[in-house]
Amino acid sequence: MYPVGQPPAPPVVAPVQVGVPGAMGVLQPQAPALQPQLVDVPDKCPRKVNREIIETMVHAYSKLFGNLRPVFDGRNNLYTRDPLPIGNDRMELEVTLPGEGKDRVFRVNIKWLAQVSLFALEEALEGRTRQIPYDAILALDVVMRHLPSMTYTPVGRSFFSSPEGYYHPLGGGREVWLFSTSQSGHLNGK
Numbered sequence: 000m001y002p003v004g005q006p007p008a009p010p011v012v013a014p015v016q017v018g019v020p021g022a023m024g025v026l027q028p029q030a031p032a033l034q035p036q037l038v039d040v041p042d043k044c045p046r047k048v049n050r051e052i053i054e055t056m057v058h059a060y061s062k063l064f065g066n067l068r069p070v071f072d073g074r075n076n077l078y079t080r081d082p083l084p085i086g087n088d089r090m091e092l093e094v095t096l097p098g099e100g101k102d103r104v105f106r107v108n109i110k111w112l113a114q115v116s117l118f119a120l121e122e123a124l125e126g127r128t129r130q131i132p133y134d135a136i137l138a139l140d141v142v143m144r145h146l147p148s149m150t151y152t153p154v155g156r157s158f159f160s161s162p163e164g165y166y167h168p169l170g171g172g173r174e175v176w177l178f179s180t181s182q183s184g185h186l187n188g189k
């Protein structure tokens with residue numbers, strides 16, 4: 000039995016495999032670092048609403064975010080390639096989502112946490128260390144899931160698109176959606 004975070008050494012160089020429908024892609028983690036930000040969004044809101052809040056915030060505060068395109072996990076983790084110009088301070092931003100008849104106002108707090116280096120992940124993937132940098136794996140998971148989560152309906156680890164021309168109600172506001180896509184990353188010794 001290996002201690003947590005200490006798997007056996009990989010047999011050969013192991014790139015991260017990224018599953019793409021109908022194709023296989025290889026992601027080499029060579030970006031220098033990701034900048035995680037702790038984001039306080041309302042606890043009772045679903046992830047979809049939290050994503051709308053963050054997307055609206057990025058557009059409303061374009062001077063703060065500049066060319067940065069942050070990725071968000073739907074709860075508290077927001078990542079950018081470069082640090083936001085807020086230093087180590089906590090910043091509170093007011094975000095207004097248009098509603099049906101009444102706009103909803105949310106307060107979002109952002110604070111820089113640390114720098115996540117992808118170098119340690121590259122070292123682990125190339126077999127030079129057996130320490131797995133879980134912060135880098137979490138960051139890459141958020142990066143890979145961000146766009147599908149904004150485009151499709153996420154359910155667990157799968158992404159569903161609403162069926163066009165196919166409507167099978169089950170009653171009670173439920174319906175059948177047959178087709179989904181999923182993605183995964185795994186070490187590959189080939």
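Taking numbering that gives the first Met the number 0, the leading residue of the sequence shown gets 0, the next gets one more, and so forth. Just so it is clear, CB atoms sit at the ideal spot from N, CA and C, and this is done for glycine as well.
Helix, strand or coil at residue i [DSSP, three-state]
i    : result
I109 : strand
P147 : helix
V25  : Reliability fails at V25, whose pLDDT of 46 lies under 50, so the model's placement of it is uncertain and no value is given.
S61  : helix
V142 : helix
V48  : helix
V12  : Only weak support exists for where V12 lies, its pLDDT of 41 falling under 50; the coordinates are left without a value.
E99  : coil
L120 : helix
P7   : Model confidence at P7 stands at a pLDDT of 47, short of 50, so the residue's coordinates are unreliable; what they give is reported in the following sentence. P7: coil per DSSP, three-state reduction.
D42  : coil
In DSSP terms, what residue i is bridged to
i    : result
Q92  : It should be pointed out that residue 92 corresponds to Leu in this sequence rather than to Gln. DSSP lists V107 as partners of L92.
Y78  : P35, V70
E174 : P168
F159 : T152, S179
V115 : L33
Buried/exposed call for residue i, threshold 16 Cβ in 10 Å
i    : result
E163 : exposed
A8   : At A8 the pLDDT is 48, less than 50, meaning the model places this residue with poor confidence and gives no usable figure here.
P84  : exposed
A113 : exposed
Q130 : exposed
L117 : buried
F178 : exposed
G35  : According to the sequence displayed, residue 35 carries Pro and not Gly. Flag for P35 reads buried.
V154 : exposed
V175 : exposed
Inset, instruction - Pair every Cβ in the segment 85-103 with every Cβ in the segment 43-55, then say whether three or more of these pairs are closer than 8 angstroms. - result: Touching, yes, given that three or more Cβ pairs across the two stretches are closer than 8 angstroms.
Legend entry - Given 8 angstroms, three or more beta-carbon pairs between the segment 103-115 and the segment 34-42: Yes, they touch.
Inset, instruction - Kindly confirm or deny that the segment 142-153 and the segment 67-77 touch, where touching means at least three C-beta pairs closer than 8 angstroms. - result: Counting C-beta pairs with one atom in each stretch, the segment 142-153 and the segment 67-77 have three or more that are closer than 8 angstroms, which means they touch.
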